[in-house]
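Residue numbers (the working numbering): 1 to 80.
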């Protein structure tokens, strides 16, 4: 599983062939979700929208949920 946080969609067509069904794309804002480049690329993965508050939609992701997702899927290094 890979998590891709996108703040621009200029290179989405380059990224699309590398994605799998277990990947997640997180868009930085709601306006990106209506960008035609998302519909022209066949994206096999889950797409979420980062928002200040969860919109109650399976496609929205609050900042708190984003942090929880990071903690669940990242390996954290600790220094002693």
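Cβ coordinates follow ideal geometry from the N, Cα and C atoms, glycine included. Predicted model, so just to flag it, every value in this text is computed and none were measured.
Minimum Cα-Cα distance from residue 27 among the listed residues 9, 40 and 69 corresponds to 9.
For residue 5, same chain residues with a beta-carbon under 6 Å away, outside a window of 5 residues either side, are 26 in chain order. Note that the C-beta distance between residue 68 and residue 49 is not below 8 Å. A Cβ-Cβ separation of about 17 Å leaves residue 45 out of contact with residue 72 under the 8 Å criterion. If the five residues before and after residue 41 are omitted, its C-beta is found closer than 6 Å to the C-beta atoms of 12, 13 and 16, all from its own chain and listed in chain order. Rounded to whole angstroms, the separation of the alpha carbons of residue 3 and residue 64 is 16 Å.
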